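Heads up: the sequence shown runs through residues 82 to 452, numbered per this note's numbering. Built from N, CA and C at the ideal position, the CB exists for glycine as well. These numbers were taken from a predicted model, which means no experiment stands behind them.
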Amino acid sequence: MPEPLGVLHLIKGLGPGGAEQLLVQQARCRDQTRFDYQVAYLVPEKDHLVAALEAADVAVQCLDGPDWPIALRNLAGLPSIDVVHAHSPVMASAVRVAARTLPAARRPRLVTTEHNRWPRHHRLTRAANRLTLRWDDATLAVSDDVAATMPGRATVESLVHGIDVAAVRSQLDHRSPMRRELGFAEHEIVVANVANLRREKAHDVLLRAAASAIAVDERLRFVIVGQGPLAAEIHRLHHELGLGDRVRLLGYRADATRVVAASDVFTLSSRHEGLPVALMEALALARPVVATTAGGIPQAVTHDREALLVDVDDHGSLAEAYLALAGDAPRRARLGAAADRRAEAFDVRRTIGRLESVYAAVVNGEPTSSR
């Protein structure tokens, strides 16, 4: 058997965000006879998923410190590294430059995945990536919407970085115990949100919509899973709106998927998105969705098929959508069944097959086009 190809994944942190969760899914489902993974990250306090990667037989190291670009160059130049796959624009631009300083015999092939729309990045980050993007051997984006914001988009391949659908579906077994743990009665309609507490996730809009909806339908309950820089602001608004235990702010939960399984509706109030992992998981759990039309969301779900979609920053329409589903059990069931079918398009094994072909192609100097 030939030696496995060495793939070094680069990511800013290993917190509970979408790109990080996708990396864990990929590591768990890879062909270990053909690919040996390592992961390097920058932010030491964002280490939530280190144990999950190590359990998948992936070596992980943090490049913390002012000399991290030098450490990155040394790591990328190791003989065991054949491909470097960057999932962070900062690390992508850094490793492109670092690779150009290595002797040709030690220079790895470069693959990058863009997880966010380019306008969301700092202007200096965009400038560095615009200058260095041409040095990629393959460039991927998680959705058509993300790809459309990138320079040189004709050479960017849209590839949904999927989830382990079967593993997510298995969490439905925990629905009843989780509802009991969270204190929800069977007649209550639970709306779940999983998103980091950041401006682009628009939790302020979600809380105002929830306040409007629960004032009309007393069966509605909301549960929000996530942490982030706006935590204090969101808790303050929660108090000002008098939401009490009708809207539960749970913070970070390692079992967020089980919380969604315990819900009746999944929601995202985002202003900006790539293609959210939490949304893909909600589909696999057969949850009907209420979401905004931000980013790649309309690529994943269709209005009145799997989801009710509303405009960004429209808390009134968001509240109306919650009330529409709360008052119509057959519609919830119809959208949930469609969500279950739609989830098959996001199975990680499809993603893995394509990524593995990209890795092999760049190492062998072959074209990577999927067309």
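Asked	Found
Entirely within the segment 278 to 330 and at least 4 residues each: give me those alpha helix (DSSP H) ranges in chain order.	284 to 297 and 312 to 321
How about residue 221 and residue 193: do their beta carbons lie closer than 8 angstroms?	yes
Shorter than 7 angstroms, the distance from the beta carbon of residue 283 to the closest heavy atom of the ligand GDP, or not?	This structure simply doesn't include the ligand GDP, nor any ligand for that matter.
Give the secondary structure of residue 119 by DSSP, where H, G and I count as helix, E and B as strand, and everything else as coil.	strand
One question on the structure: do residue 165 and residue 91 come within less than 8 angstroms of each other, judged by their Cβ atoms?	yes
Secondary structure at residue 162, three-state DSSP: helix, strand or coil?	coil
Please report how far the alpha carbon of residue 455 lies from the alpha carbon of residue 131, in whole angstroms.	What is shown of the chain runs 82 to 452, which leaves residue 455 out entirely.
From which residue to which residue does the beta strand (DSSP E) around residue 257 run?	No beta strand (DSSP E) contains residue 257, which is instead part of the alpha helix (DSSP H) from 256 to 263.
Look up residue 139 in the DSSP assignment and say whether it is helix, strand or coil.	coil
Distance check for residue 387 and residue 422, CA to CA, integer angstroms please.	9 angstroms
For residue 294 versus residue 400, is the C-beta spacing smaller than 8 angstroms?	yes
Opposite residue 95 in the DSSP bridges: which residues?	Note: residue 95 sits in no beta bridge, so no partner.
Going by Cα to Cα distance, which pick from 326, 356 and 150 is closest to residue 98?	356
Here's the rule I'm using: 16 or more other beta-carbon atoms within 10 Å means buried, otherwise exposed. How should residue 151 be labelled?	exposed
Between the beta-carbon of residue 213 and the beta-carbon of residue 178, is there less than 8 angstroms?	yes
Looking at the strands, I want to know which residues DSSP matches up with residue 156.	According to DSSP, residue 156 bridges with nothing at all.
Distance, Cα to Cα, residue 426 vs residue 373?	20 angstroms
What residues match up with residue 190 in a beta bridge as DSSP calls it?	164
Between the C-alpha atoms of residue 195 and residue 241, what's the straight-line distance to the nearest angstrom?	11 angstroms
List the whole-angstrom C-beta distance separating residue 351 from residue 276, where the pair is believed to meet the contact cut-off of C-beta under 8 angstroms.	7 angstroms
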